[in-house]
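Residues in the sequence shown are numbered consecutively from -13, following my numbering.
Below is one structure, written out as structure tokens; comments come after it.
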Amino acid sequence: MTATDAAGNVGNDTAVVTIDTSLPVVSLDDLTTNDTTPALTGAIDDPTATVVVNVDGIDYPATNNGDGTWTLADNTLPALIDGPHTVAVTATDPAGNTATDTATLTIDTVPADLIGAITIPEDLNGDGILNADELGTDGSFNAQVALGPDALDGTVVNVNGVNYTVTAADLANGYITAAIPVTGEGPVAIHAEAVDAQGNVDVADADVTVTVDTVPADLIGAITIPEDLNGDGILNADELGTDGSFNAQVALGP
């Protein structure tokens, strides 16, 4: 640069001007979560760029981590309602060049329909009580947990703390079968749950109480022999009589 004053004196100076028209590269992937105030993260190629995230039209300053990533901290966003939300992330470098990427943030806090009602096939009369004949001798009974329309091959259903992985055969049957151990007479609580891809727990219609009754009803009591007059358990000729038989009296229970 040259300047000349009125007296004809000439002055010179130089300067270096850097032209920077390269845009930063910033990105964000679609996300589905059951967290209503989730952290967001993505990529940024300029460690000096500022990053701003816009969710549903509101700007939130994010952190450029300087390692090729940016982060909007957990719980920065207000609680978002279920459904899709538009997210735009904008990076601005020191030269003022800006770049924007967009994605969809979907909030899903509703459990998938993975399981339904629990039935007990051994409860033949449907009274909610397993008697000795219905229970059998193996010390357990079966609980059939109905599968919902969202259940898939590989879905894990937890029944009373034991995991059961759904198979193609289970899907065809419409239920999984869980073996429930019986430790004694009394109520047995059955609880089933399944977790969907977003971490929502489905426990719909999954609590059943079955009363296990292995104690026979008090129908009969002691047997007495009325002809045994002295109660010694021995029938002599006089007590037995001449008809060749004797009577046994079976007491009836309450």
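Ideal Cβ positions, reconstructed from N, Cα and C, are used throughout, including at glycine.
Computed from a predicted structure; not experimentally measured.
So what's residue i in DSSP terms, helix, strand or just coil?
| i | result |
| --- | --- |
| Asp124 | coil |
| Glu179 | strand |
| Leu63 | coil |
| Asp119 | helix |
| Leu157 | helix |
| Asp214 | coil |
| Leu226 | helix |
| Ser13 | strand |
| Ile242 | Residue 242 lies beyond the stretch modelled for the chain, which goes from -13 to 240, so this question has no answer here. |
| Val152 | coil |
| Gln184 | coil |
| Gly54 | coil |
| Gly207 | strand |
Can you tell which of the options has its C-alpha closest to the C-alpha of residue i?
| i | options | result |
| --- | --- | --- |
| Thr197 | Ala118, Leu133, Ala85 and Ala(-7) | Ala118 |
| Thr86 | Thr95, Ala35 and Phe127 | Ala35 |
| Thr76 | Asp31, Glu225 and Pro212 | Asp31 |
| Ile176 | Gly185, Thr95, Pro47 and Ala165 | Ala165 |
| Leu14 | Ala180, Asn111, Leu91 and Tyr161 | Leu91 |
| Ala59 | Ala48, Gly185 and Leu138 | Ala48 |
| Asp42 | Ala74, Val12 and Ala154 | Ala74 |
| Thr18 | Glu179, Asp139, Asn186 and Thr57 | Asn186 |
| Asn233 | Asp139, Ala178 and Glu225 | Glu225 |
| Ala208 | Leu110, Val168 and Ala237 | Ala237 |
| Asp188 | Ala137, Val174 and Gly170 | Ala137 |
| Tyr150 | Thr55, Pro167 and Ala178 | Ala178 |
| Val174 | Asp218, Thr141 and Leu116 | Leu116 |
| Leu133 | Asn222, Tyr161, Asn111 and Glu120 | Tyr161 |
For residue i and residue j, what's the separation of their Cα atoms in angstroms?
| i | j | result |
| --- | --- | --- |
| Ile220 | Thr105 | 55 Å |
| Asn159 | Gln235 | 53 Å |
| Gly172 | Gly122 | 16 Å |
| Ala129 | Thr163 | 6 Å |
| Val148 | Ala183 | 19 Å |
| Ala103 | Val131 | 6 Å |
| Thr27 | Pro107 | 50 Å |
| Ala89 | Asn40 | 10 Å |
| Asn83 | Val143 | 52 Å |
| Asp16 | Gly114 | 48 Å |
| Asp214 | Thr228 | 15 Å |
| Ile44 | Pro10 | 22 Å |
| Leu100 | Leu205 | 46 Å |
| Val152 | Ala81 | 56 Å |
| Asp94 | Asp68 | 5 Å |
| Val145 | Ala29 | 42 Å |
| Ser231 | Asp109 | 44 Å |
| Thr55 | Val181 | 31 Å |
| Ser8 | Ala154 | 54 Å |
| Val12 | Thr72 | 16 Å |
Would you mind sorting residue i into buried or exposed? The rule is 16 or more other CB atoms within 10 Å of its CB.
| i | result |
| --- | --- |
| Asp156 | buried |
| Phe127 | buried |
| Asn50 | buried |
| Asn216 | exposed |
| Asp53 | exposed |
| Thr78 | buried |
| Ala203 | exposed |
| Pro70 | exposed |
| Pro97 | buried |
| Ala(-8) | exposed |
| Asp124 | exposed |
| Asp139 | exposed |
| Thr210 | exposed |
| Thr141 | buried |
Practice task
Evaluate contact between the region 21 to 39 and the region 57 to 77, counting only Cβ atoms and requiring at least three cross-stretch pairs below 8 Å.
Solution key: yes
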